Amino acid sequence: MAKGRRTMFDRSRREFILQGLAWSVSLTGLTGCAAGGTHQQSNKEPNRGVTTTELQRKTLPDIQDVDWDLIITNGRVIDGTGKPGFSGTVAVTKDRISSVMEGNANIDQHVLYMGTERYRLKPDCQVILADGACITPGFIDVHTHNEEYLKTNPRAEVRLLQGVTSQIGGNCGESVDDIPRFYQRLGDLGINYGQLMGYRNLRRLAMGEEAEREASSREIDRMVDLLQQGLQAGSPGLSFALEYAPQSSATQRELKILAEALAHHRGIMATHLRSESVQLLESIDEMAEIAFESGVSWQYSHVKALFRDNWDKYPAVLQRISDAVAKGVDLWGDMYLYDFSSWDFGTGRISISEENIQLGLAHPRLFIASDSGLYANGRVSHPRAYGNFPKMLAHYVRDRQVISLEEAVAKMSGLPAQRFRISGRGKIAPGYKADMLIFRLEDVQDRAERNKPNLLPVGMRYVFVNGQAAVKEGEPTGNRSGQRLHFNS
Ligand SMILES: [Zn+2]
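Read in order, the letters of the sequence shown correspond to residues -2 to 486 in my numbering.
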């Protein structure tokens, strides 16, 4: 069995060889190449399938010259919107998707045949034959804690190998004091990146270290000033963790003023609630009221009911989310896919219900994020840092069939992009940035577990970040083509 599996894998690997030059594949040759892995032809010696293409040359309309730098042919395009996948071919020019064509393509002597259309490729256009593999948008992880890791590991392979091409850091109230300076320090990254402001940082800057108390009006004004500056400098919003001191000293008044300032500038309020266990429902009600009254866009971070005694509250959590949305609150939530929190990483305790995870996956307002931390030395506090996104594909889509592939991809790309108003990402469509993945569902596997948290996943054949291959044939390339995320206000 092991032998048969390896053979299959080897063959499919060959089918994915990236060509540095456009190669010629005839109409008859294409099928043979896909099956036999013999398609690594040089474009200098076209040798097969001449008759069919000559016929096409006589009957088809004029050939169009195109400036595509990369073309991925004959994949199953899952575009990130949740709509059904289709057979298609995707073209990229520089860092953007330039064309998405439905149907299968053939290439012969630098010419791509697509239905009745013909396109003349540039000699150096890279061609990847996807051969039925999935082409999806790169995944977007809006909830991360790995500022220290990125400083020492700017290539961010742990993220890329999960298919994550964009990240937002600075969650749960913990960010950096000076975001522009932090970006400078990071330099070029392997992934696209954005940074929330942190409420803990704001409080410290406005109130000093002794911030375990109510803020004065002057101090709140100072926080509002800092908030406005941060939003103008390109941060998507402000994160909170009201469970932890000194953030837990926040009064309703202080939170409302900050929420109103965020609402005024269309910033996001991302909140780790005051309680995720005993006072869970009351904590949701507190935030729902603030969001309703201020009109702020509310991101409910790592939605869960923590500890066995509270598991039965989870349906009420989802109901409260639906009710708030029905009242007009701009509310979305993110969730990770493990049955224990980072507090229970070392205890062996199961603190989150698997049944509740599956209920959460079915809720239209919840999408996937990792809530994952990586320390500077690569140490992890939970396997979700290495496995969250591939686990969705391998476990919940393929093995358990809890959710369709299209919905799962939307919850990892299109929905987080829409929620954070990330400009031009999260979708396979012309004009969008070319953050794209190529994988076969049967190959994807997360491997990180509670007692082996830092095992890398497998199965991402190609990961493109802004049109550049960050993972090629399953291996990181070391490219650092990430860009700063831009947020529409
Ligand atoms: Zn948190």
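Glycine included, C-beta positions come from ideal geometry on N, C-alpha and C. Small disclaimer: the values here were computed from a predicted structure and weren't measured.
- Screening all residues for a C-beta within a distance smaller than 7 Å of any heavy atom in ligand 1 leaves Asn168, Cys169, Ala238, His269, Ser298, His299, Asp368, in chain order.
- When DSSP assignments are scanned along the segment 86 to 128, no uninterrupted stretch of alpha helix (DSSP H) that is 4 or more residues long falls wholly within it.
- Going by C-alpha positions, Val63 is about 14 Å away from Met98.
- Taken through DSSP and simplified to helix, strand or coil, Pro473 comes out as strand.
- In chain order, Leu356 place their CB closer than 8 Å to the CB of Pro312, counting only its own chain and leaving out the 5 sequence neighbours on each side.
- Straight across, the Cα-Cα distance linking Arg481 with Gln276 is about 37 Å.
- The closest CA to that of Val460, considering only Ser369, Pro413, Gln296, Arg437, is found on Arg437.
- Under DSSP, Thr133 shares a beta bridge with Leu434.
- About 6 Å separates the Cβ atoms of Met409 and Met389, confirming a contact at the 8 Å cut-off.
- Beyond the five residues adjoining it in sequence on each side, Pro387 comes within less than 6 Å, by CB distance, of Gln159, Val441, Asp443, Pro454 in the same chain, given in chain order.
- Taking the Cα positions, Ser232 is about 22 Å away from Ala247.
- Between Gly205 and Ser172, the gap from beta carbon to beta carbon reaches 8 Å or more.
- Taking the Cα of Leu67 as reference, the smallest distance to any Cα among Tyr190, Arg200, Ile125, Arg381 is reached at Ile125.
- Taking a C-beta distance under 8 Å as the contact criterion, Val462 and Ile188 qualify as a contact pair.
- Asp218 carries a helical assignment under DSSP once its states are collapsed to helix, strand and coil.
- Gly72 and Asn101 have their C-alpha atoms some 8 Å from each other.
- Of all alpha-carbon atoms in Gln244, Ser236, Ser274, Gln415, the one lying nearest the alpha-carbon of Leu303 is that of Ser274.
- Counting along the chain, Thr149 sits inside the alpha helix (DSSP H) bounded by residues 144 to 149.
- For Ser236, the uninterrupted beta strand (DSSP E) segment begins and ends at 234 to 238.
- Gly423 and Thr344 have their alpha carbons spaced roughly 37 Å apart.
- In the three-state scheme derived from DSSP, where H, G and I count as helix and E and B as strand, Glu283 is classed as helix.
- Taking 8 Å as the cut-off, the Cβ atoms of Leu270 and Glu290 do not count as close.
- Each of Gln181, Tyr190, Ala285, Lys119 was checked against the Cα of Ile60, and the nearest Cα belongs to Lys119.
- In the structure shown, Val394 adopts helical secondary structure according to DSSP, grouped into three states.
- Boundaries of the beta strand (DSSP E) around Ala267: 265 to 269.
- Counting other Cβ atoms within 10 Å of its Cβ, His140 reaches 16 or more and is therefore classed as buried.
- Bounds of the beta strand (DSSP E) holding Arg73 are 67 to 74.
- Pairing Ala359 with Ser369 gives a Cβ-Cβ distance that is not under 8 Å.
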